[in-house]
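Notes follow the structure.
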Amino acid sequence: MTKTIIKTNKLCKTFSSGGIQQHVLKNLDISLVEGDFTIIMGSSGSGKSTLLYAISGMDKPTIGEIDFAGNNLSKLNNDQLAIFRRNHCGFVFQQIHLLDNMSVLDNILASGLLVHKNRKELVKRTKELLVQVGIQENSWSKFPTQLSGGEAQRVGIVRAIINNPKVLFADEPTGALNSASSDSVLDVITNVNRNGQSVVLVTHDIKTALRGNRILYLRDGVICGDLQLGDYSEVENVDRSEKLKHFLTEMGW
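When you line the sequence shown up against full-length UniProt numbering, it's residues 1 to 253, in that order.
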């Protein structure tokens, strides 16, 4: 039985610049299902990142409501939103934002200790997750500047999921990586999702979008397309690729 984890009601976001109002999100009613790997696509300026920031509690909508696992984010103040994000959300961005003066292990522990009080258990979980994403023990004491881009992003993913978030939010997580590093990062996110983690990811890249099971297409602040793509498989699936490309063509990609 599917369970809705995020639901919006008449979600709007407006920015003002020079006395001119720009309506970035327009009366969005969307429902995101627990355990899904949801991809948000659209042309530049369509409102993709704005939508992600709104539903994750990073930014407040101008009008409308957001129900996140039974919590009305629209009614929380900034301090309450910060606590909510810390306990229920994980974030991965194009820029990785690891702390350069802390080791790989300490970068993750610093985030985990904000929620978990049992340091011994947290260290154990951190090490297990690092091994799962291909970061071996000889790299745990390294600083972020000593890692490749792909390695650093994989560490960033571990940091994002260390507190068992209800949703992992990702905004162009492979945008600054080469092809090989992108594949390794996407493999990690895919496996995290297969283990039950809900994922919402913004991308403009078709290869990345193929990892999702649901594609939402945003145009001028409105969801104009919703494609159920099914579960991803490592075996090359021409039909899956063609289905996505046909959908994007219909959307005016």
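Positions of the beta carbon are idealized from the N, C-alpha and C atoms, including for glycine.
Beta-carbon spacing of residue i, residue j below 9 Å
{"i": "Met-1", "j": "His-204", "result": "no"}
{"i": "His-88", "j": "Lys-166", "result": "yes"}
{"i": "Val-155", "j": "Val-133", "result": "yes"}
{"i": "Ser-111", "j": "Ile-189", "result": "no"}
{"i": "Val-104", "j": "Leu-73", "result": "no"}
{"i": "Thr-145", "j": "Asp-106", "result": "no"}
{"i": "Gly-47", "j": "Leu-81", "result": "no"}
{"i": "Leu-229", "j": "Lys-245", "result": "no"}
{"i": "Ile-55", "j": "Ile-108", "result": "no"}
{"i": "Glu-137", "j": "Lys-127", "result": "yes"}
Beta-carbon proximity list for residue i, same chain, < 6 Å, skipping 5 on both sides
{"i": "Trp-253", "result": "none"}
{"i": "residue 261", "result": "The requested residue 261 does not occur in the structure, where the chain is confined to residues 1 to 253."}
{"i": "Met-251", "result": "Tyr-217 and Gly-225"}
Whole-angstrom C-beta distance between residue j and residue i, which should lie under 8 Å
{"i": "Thr-50", "j": "Val-92", "result": "Actually they do not touch by this definition, with Cβ atoms about 17 Å apart."}
{"i": "Leu-28", "j": "Thr-4", "result": "At roughly 15 Å, the Cβ-Cβ gap does not stay under 8 Å, so Leu-28 and Thr-4 are not in contact."}
{"i": "Asp-226", "j": "Leu-216", "result": "6 Å"}
For residue i, the nearest candidate out of the options (CA to CA)
{"i": "Leu-186", "options": "Gly-150, Val-115 and Val-167", "result": "Gly-150"}
{"i": "Ile-30", "options": "Ile-162, Ile-108, Cys-12 and Glu-121", "result": "Cys-12"}
{"i": "Gly-64", "options": "Thr-8, Ala-180, Phe-143 and Ser-56", "result": "Thr-8"}
{"i": "Thr-62", "options": "Gln-22, Lys-48 and Asn-164", "result": "Gln-22"}
{"i": "Asn-195", "options": "Ile-20, Phe-37 and Ile-6", "result": "Phe-37"}
{"i": "Lys-207", "options": "Leu-218, Met-251 and Ala-180", "result": "Ala-180"}
{"i": "His-97", "options": "Leu-109, Leu-81 and Arg-159", "result": "Arg-159"}
{"i": "Phe-15", "options": "Lys-60, Ser-56 and Ile-6", "result": "Lys-60"}
{"i": "Lys-10", "options": "Ser-43, Asn-191 and Asp-67", "result": "Asp-67"}
{"i": "Ala-176", "options": "Gln-153, Leu-248, Asn-164 and Asn-191", "result": "Gln-153"}
{"i": "Gly-70", "options": "Phe-84, Ser-233 and Ser-184", "result": "Phe-84"}
{"i": "Ser-182", "options": "Gln-94, Gly-90 and Asn-78", "result": "Gln-94"}
{"i": "Asn-191", "options": "Ser-141, Leu-129, Ile-20 and Gly-45", "result": "Leu-129"}
{"i": "Leu-248", "options": "Arg-214, Glu-236, Ile-157 and Ile-20", "result": "Arg-214"}
Same chain only: Cβ atoms within 7 Å of residue i, ignoring 5 sequence neighbours per side
{"i": "Leu-52", "result": "Ile-40, Phe-169, Asp-171, Val-200 and Val-202"}
{"i": "Ser-241", "result": "Leu-210"}
{"i": "Gly-35", "result": "Gly-196 and Ser-198"}
{"i": "Asn-193", "result": "Phe-37 and Val-199"}
{"i": "Asn-78", "result": "none"}
{"i": "Asn-143", "result": "The sequence as given places Phe at residue 143; Asn does not occur at that position. Cβ neighbours of Phe-143 beyond the five flanking positions: Asp-100 and Ser-103."}
Close Cβ partners of residue i (< 8 Å) along its chain, the five nearest in sequence each way excluded
{"i": "Lys-26", "result": "Cys-12, Asp-220, Gly-221 and Val-222"}
{"i": "Leu-113", "result": "Arg-119 and Leu-122"}
{"i": "Ser-184", "result": "Gly-134, Gly-150 and Arg-154"}
{"i": "Arg-86", "result": "Leu-114, Val-115 and Asn-163"}
{"i": "Trp-140", "result": "Ser-103, Val-104, Leu-105, Lys-127 and Leu-130"}
Original post:
Below 8 Å, can you find three or more Cβ-Cβ pairs linking the region 195–204 to the region 163–179?
Top reply: yes
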